[in-house]
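Student:
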Amino acid sequence: MSLVVLSGMFAEGANLVDALTNGKVEGYVRSTYHVHNLKNDKTYKDDGIGGKVHFKTADDYKMRLGATLYATTQLFYNDNSPIVPLRGEDNRAYAILGELYLEGKFDKTVLKLGRQELNTPFADMDDIGMVPNTFEALTMVNQNINDTEVFVGQINKMAGVDAEVTDKFTKINGSHNMQLMGVAYGGIENLELSGWYNRLHKGEVDSIGYLESTYTQALTTFEYVLGVQYAKETYSMAEDTQVWGAKLDIGIKPYGLVLMAGYNQVGNNAAFSGFGGGPFYVASEFLILDHAGKNGEARCLGLEYEASAVGLDGLVLGLSRLDLETEAKESASELDFLASYTFTDDLEGHMIYADVKGVNVGESDAKHFRAYLNYHF
13 MSLVVLSGMF AEGANLVDAL TNGKVEGYVR STYHVHNLKN DKTYKDDGIG GKVHFKTADD
73 YKMRLGATLY ATTQLFYNDN SPIVPLRGED NRAYAILGEL YLEGKFDKTV LKLGRQELNT
133 PFADMDDIGM VPNTFEALTM VNQNINDTEV FVGQINKMAG VDAEVTDKFT KINGSHNMQL
193 MGVAYGGIEN LELSGWYNRL HKGEVDSIGY LESTYTQALT TFEYVLGVQY AKETYSMAED
253 TQVWGAKLDI GIKPYGLVLM AGYNQVGNNA AFSGFGGGPF YVASEFLILD HAGKNGEARC
313 LGLEYEASAV GLDGLVLGLS RLDLETEAKE SASELDFLAS YTFTDDLEGH MIYADVKGVN
373 VGESDAKHFR AYLNYHF
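Using the working numbering, read the sequence shown as starting at 13 and increasing by one per residue.
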């Protein structure tokens, strides 16, 4: 696409030079350190440094150009196996243009074409390493109907931490790709409703229908969130499955506490969380609902503490436990401890410790430690 054509896309006589000059640059620098102690194996140590630089032309115009460069390399350690990939194929440092898109805003409709970040139930960034998932897609978001948002998209490729090839965009579902549509409605006080359909023609999982409802109530001293979810996943060459789920979060405001509980049950085939972290209520740092297999169950309990209640502003602590049970009554579990601290508006740190007992569901028994430091600009 020539510069003349691009310049003509900007509204009211504005030209491409003005749009670029008034554009915005933002991003972050990230460093991380990982230790993975696997039973009957060895202790893997790895680290990384890199980040993200995002540029978008000025928001004043109907058409916008955006681009994001992600990069990652090692500092001292280089022994991570594929547990949480911090670099590219063959463990090489790499940089990737994770976003490169043209975005148009027309009344209450936004169209975006190209590489982009997405957060939908079955295709999301899942930013757990150095470079998150990004997707090559055409998406449309429309808000013409009051209190309603409609999303329509076609996703062709992905790259990033959960992709088959982390440092290169490769096809999703071969030449058939994935089509998706979602509707979210918020016109009822305290209630959020959403429904999604994902089509993966001739894929192992051929289609996914997903419904979710969330009710939030805030009172003087506490608040609660009640959620229910349902997914119907059809398999091309095997029996279909269904997933039911419920969650309850209770926040006790004076003490800075949030209590969390979740439950999922799987039908006659394994659950599929999609391309990213997935939407299911019961999930942890390493074990997810997919591990429970067909006719499996999953439960989780958690506690989050915001220490500003005792004067330690910026400190958040979390403790959670996930339990899986397979059809054969074999069990797996994960205990997670998390700590986050906001040093300044621009600097934050995160620490995650996970004790995984996963040998019965195809994962190693292991103890994992990860630490991250992010500086935003």
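Even glycine gets a Cβ: it sits at the ideal position worked out from N, Cα and C.
What you are looking at is a predicted structure, and each value in this text was computed from that prediction instead of being measured.
Which ranges does the beta strand (DSSP E) cover as unbroken runs of at least 3 residues, wholly within the region 224-298, from first to last along the chain?
Tutor: List check, beta strand (DSSP E) in window: 234-247, 253-264, 269-278.
Student: Could you tell me which residues DSSP puts in a beta bridge with residue 128?
Tutor: Within the sequence shown, numbered from 1, the residue matching residue 128 stands at position 116. Bridge partners of residue 128: 147.
Student: By DSSP, does residue 340 sit in helix, in strand, or in coil?
Tutor: One-based indexing of the sequence shown puts residue 340 at position 328. Looking at residue 340 - three-state DSSP - the assignment turns out to be coil, as it is neither helix nor strand.
Student: With H, G and I counted as helix, E and B as strand and the rest as coil, what does DSSP make of residue 213?
Tutor: Taking the first residue of the sequence shown as position 1, residue 213 is located at position 201. In the structure shown, residue 213 sits in coil (DSSP, three-state: anything other than H, G, I, E or B).
Student: Is it a yes or a no for the region 295-306 touching the region 274-285, going by three-plus beta-carbon pairs under 8 Å?
Tutor: Segments in contact, yes.
Student: Which one or two residues does DSSP pair with residue 190 in a beta bridge?
Tutor: In the sequence shown, counting from the first residue as 1, residue 190 sits at position 178. For residue 190, which the question treats as bridged, DSSP gives the partners 167.
Student: Bridge partners of residue 152, per DSSP?
Tutor: Taking the first residue of the sequence shown as 1, we reach residue 152 at position 140. Paired residues: 123, 164.
Student: DSSP three-state label for residue 79, please.
Tutor: On the sequence shown, residue 79 is found 67 positions in, with the first residue counted as 1. Three-state DSSP puts residue 79 in a strand.
Student: Nearest-angstrom Cα distance between residue 40 and residue 336?
Tutor: Counting from one through the sequence shown, the residue named residue 40 turns up at place 28. Counting from one through the sequence shown, the residue named residue 336 turns up at place 324. Rounded to the nearest angstrom, the two C-alpha atoms are 36 Å apart.
Student: Would DSSP call residue 112 helix, strand or coil?
Tutor: Walking along the sequence shown from the start, residue 112 turns up at place 100. Residue 112: strand per DSSP, three-state reduction.
Student: Got a sec? Which residues, its chain only, sit under 6 Å from residue 379 by beta carbon, not counting five neighbours each side?
Tutor: One-based indexing of the sequence shown puts residue 379 at position 367. 49, 367, listed in sequence order.
Student: For residue 206, which residues of its own chain have a beta-carbon under 6 Å away from its beta-carbon, when the five flanking residues on both sides are left out?
Tutor: The residue you call residue 206 lines up with position 194 of the sequence shown. Excluding positions up to five away in sequence, the list reads 196, 224.
Student: Do you know offhand how far residue 316's Cα is from residue 237's?
Tutor: Locating residue 316 in the sequence shown gives position 304, where the first residue counts as 1. Locating residue 237 in the sequence shown gives position 225, where the first residue counts as 1. Their Cα atoms are separated by approximately 14 Å.
Student: Is DSSP giving residue 103 helix, strand or coil here?
Tutor: Taking the sequence shown and counting its residues from 1, one reaches residue 103 at position 91. Three-state result, residue 103: helix.
Student: Have a look at 194, 82, 217, 218 and flag the residue whose alpha-carbon is nearest the alpha-carbon of residue 208.
Tutor: Within the sequence shown, residue 208 is the residue found at index 196, counting from 1. Nearest C-alpha to residue 208: 194.
Student: Short of 6 Å in beta carbon distance, which residues of its chain neighbour residue 219, apart from the five on each side in sequence? Order them along the chain.
Tutor: Along the sequence shown, one-based indexing puts residue 219 at 207. Closer than 6 Å at Cβ, skipping near neighbours: 211, 246.
Student: Thinking residue 3 and residue 141 are a contact (beta carbons under 8 Å), I'd like their distance in whole angstroms, please.
Tutor: There is simply no residue 3 to check, as the chain begins at 13 and stops at 389 in what is shown.
Student: Could you check which residue in 121, 163, 133 has the C-alpha nearest to that of residue 156?
Tutor: Here the question's residue 156 lines up with position 144 in the sequence shown. Nearest C-alpha to residue 156: 121.
Student: Would you grab the beta carbon distance between residue 125 and residue 113 for me? Rounded to a whole angstrom, and I think it's under 8 Å.
Tutor: On the sequence shown, position 113 is the one that residue 125 refers to. On the sequence shown, position 101 is the one that residue 113 refers to. About 6 Å separates the two Cβ atoms, so the contact holds.
Student: Between 383, 271, 254, which has its C-alpha nearest residue 242's C-alpha?
Tutor: If you number the sequence shown from 1, residue 242 lands on position 230. Ranking the options by Cα distance to residue 242, first place goes to 254.
Student: Which residues mark the beginning and the end of the beta strand (DSSP E) in which residue 386 is found?
Tutor: Mapped onto the sequence shown, residue 386 falls at position 374. Its beta strand (DSSP E) spans residues 378-388.
Student: Of all the CB atoms in chain B, is at least one closer than 9 Å to the CB of residue 234?
Tutor: The question asks about chain B, but that chain is absent: this structure has only one protein chain.
Student: Thinking C-beta only, is residue 311 closer than 9 Å to residue 294?
Tutor: The residue given as residue 294 occupies position 282 in the sequence shown. The residue given as residue 311 occupies position 299 in the sequence shown. For residue 294 and residue 311, yes; Cβs fall inside 9 Å.
Student: Skipping 5 residues on each side, what residues in its chain have a beta carbon closer than 6 Å to that of residue 283?
Tutor: For the purposes of this step, residue 283 is identified with residue 271 of the sequence shown, where counting begins at 1. Excluding sequence neighbours, residue 283 sits near 255, 301, 302.
Student: When the Cα of residue 244 is compared with those of 265, 235, 233, 221, which residue comes out closest?
Tutor: Walking along the sequence shown from the start, residue 244 turns up at place 232. Closest option to residue 244, Cα to Cα, is 221.
Student: With distances taken Cα to Cα, identify the nearest neighbour of residue 235 among 38, 35, 185, 263.
Tutor: Counting from 1 along the sequence shown, the entry for residue 235 is found at position 223. Residue 263 is the option with its Cα nearest to residue 235.
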